[in-house]
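If you read the sequence shown in my numbering, its first letter stands for residue 224, the second for the next number, and so on.
Quick reminder that beta carbons are idealized off the backbone N, C-alpha and C, glycines included.
Each remark here refers to the structure printed beneath this line.
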Amino acid sequence: MKQKLAIEEYKKTAKKNLVDVNTVELLTEEADLAAGKKDFFQVNCVACHKADGGGGIGPNLTDKYWILGGGIKNVFKTISEGGRSGKGMVAWEQTLKPLERAQVASYVLSLQGTTPDDPKEAQGDLWEEEGDAPKAEEVERSENNTSVDTLNVTDNI
């Protein structure tokens with residue numbers, strides 16, 4: 224019984240790092256979106272999806288069309304497990320922690336409806352989302368938790 228209570232207490236405090244495809248939820252806090260943007264731009268996705276999400280080698284992330292399904296669960300799964308075999312999207316499950324993947328997925332969804340400079344044509348199927356994702360231009364970040372400045376989709380971090 225004591226062990227069971229300890230496990231439940233651990234799950235409460237470690238909840239964000241226990242995220243998986245079944246439990247992931249859209250993150251809307253400024254700090255989460257800013258972290259997702261940082262990972263998106265600086266680490267993983269910009270090479271294939273461009274800095275503004277308009278698509279390059281990879282698909283456009285600003286439209287409502289998704290090859291492997293839209294929504295937080297599908298985007299999280301694609302980031303975690305990679306895309307279609309032989310198509311280039313790699314799995315980030317071993318590189319990014321669950322919370323980081325949820326932050327990136329949430330940031331990617333915040334790009335919906337933004338206007339990239341040279342968007343790639345739509346690919347996949349139209350995805351109708353339940354509820355609205357936050358817009359990237361509304362994302363704010365705090366550096367060292369002391370100053371807050373507005374990020375724009377075209378910012379190069």
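Return the CA-CA distance between residue i and residue j, expressed in angstroms with no decimal places.
i	j	result
F263	Q226	39 Å
T321	E344	For the record, residue 321 in the displayed sequence is Pro; it is not Thr. Computed Cα separation, rounded: 30 Å.
V266	N297	21 Å
V269	E252	22 Å
T301	C271	14 Å
Would the beta-carbon of residue i fall within 8 Å of that of residue j?
i	j	result
P282	I295	no
S303	V244	yes
L319	V331	no
V242	A325	yes
Kindly give me the distance between the Cβ atoms of residue i and residue j, rounded to whole angstroms, as I take these residues to be in contact under 8 Å.
i	j	result
G311	I280	6 Å
L334	L284	5 Å
Excluding sequence positions up to five away, which residues of its chain have a Cβ less than 8 Å from the Cβ of residue i?
i	result
M224	none
Does the beta-carbon of residue i, which I'm using as the reference point, lie nearer than 7 Å to any heavy atom of the ligand FMN?
i	result
I302	As presented, the structure is devoid of all ligands, the ligand FMN included, so that no description of it is given.
Tell me which residues share the same chain as residue i and place their Cβ nearer than 6 Å to its Cβ, disregarding the 5 neighbours each side in the sequence.
i	result
G306	M312
L249	I295, S329
G347	Y288, W289, I290
Near residue i, which residues of its chain fall below 7 Å by C-beta distance, leaving aside the five closest residues on each side in sequence?
i	result
F299	V244, V247, R324, A325, A328
L349	K287, Y288
G292	W350
N240	K320, P321, L322
G259	Q326, V327, S329, Y330
Task: the segment 268-275 touching the segment 323-342, judged by at least three CB pairs closer than 8 Å - done: The segment 268-275 is in contact with the segment 323-342.
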